[in-house]
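Below: the structure, in structure tokens.
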Amino acid sequence: MFKVKNLSIERCKLIYFPKINDSRGNLSFIEEQNQIPFQIKRVYYLYDVPSGATRGGHAHKALEQIIIALSGSFDVILDDGRNKQAYFLNRPHYGLYIPPGVWRELENFSSNSIALSLVSAPYEESDYIRDYETFKKMIQNDPK
Ligand code: TYD
Numbered sequence: 191m192f193k194v195k196n197l198s199i200e201r202c203k204l205i206y207f208p209k210i211n212d213s214r215g216n217l218s219f220i221e222e223q224n225q226i227p228f229q230i231k232r233v234y235y236l237y238d239v240p241s242g243a244t245r246g247g248h249a250h251k252a253l254e255q256i257i258i259a260l261s262g263s264f265d266v267i268l269d270d271g272r273n274k275q276a277y278f279l280n281r282p283h284y285g286l287y288i289p290p291g292v293w294r295e296l297e298n299f300s301s302n303s304i305a306l307s308l309v310s311a312p313y314e315e316s317d318y319i320r321d322y323e324t325f326k327k328m329i330q331n332d333p334k
């Protein structure tokens, strides 16, 4: 059963990855055991996003996620049913951690942007909440 108790945008946070700079440019790396608060089970990426398009528009029941602007920039608007918070992602050496129970919209993609996602589970449509009213009802039923 989906429980949103104690799940809120306050648990969302930026996670910074190492950045090694020399005259040849920058190198960043991600080690699951050091930087990621979950086991990475899947990686996917958005690219060729047309100007003005919005991605996301859903919450997850159990999935944990980190979104990285590997290239370009975009906004991530988070909403836990009580509060909203916007993050502007524009550098590849940090990512935005999103726990379950948070509605997200990705918008204002710059040209040639790439949104990389590291997530905690294989693709499972039943983990998605794609209807905002359903999401709001689930939040209202939260005994928190
Ligand atoms: P969708 O959830 O609409 O993408 P976004 O959250 O970025 O807006 O997914 C688009 C389609 O791709 C949808 O039919 C589900 C499918 N899909 C997969 O098959 N595997 C995946 O890992 C993901 C993320 C989506």
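In this note's numbering, the protein residues as written are 191 to 334. Note that the Cβ used here is the ideal one computed from N, Cα and C, for glycine as well.
Taking 7 Å as the cut-off, the C-beta of residue 201 does not count as close to any heavy atom of the ligand TYD. Residue range 209-212 is occupied by the beta strand (DSSP E) that includes residue 210.
Per the C-alpha coordinates, the member of 322, 314 and 303 positioned closest to residue 243 is 303. CA-CA distance, residue 203 to residue 277, rounds to 10 Å. Look at residue 234: its beta carbon is less than 7 Å from one of the heavy atoms in the ligand TYD.
Residue 287 and residue 268 have their alpha carbons spaced roughly 11 Å apart. At a Cβ-Cβ threshold of 8 Å, residue 214 and residue 289 do not count as neighbours.
In terms of side-chain proximity, the C-beta atom of residue 206 is found no nearer than 7 Å to any non-hydrogen atom of the ligand TYD. Between residue 292 and residue 232, the C-beta spacing is not below 8 Å. The three-state reading of DSSP puts residue 281 in coil, since its state is none of H, G, I, E or B.
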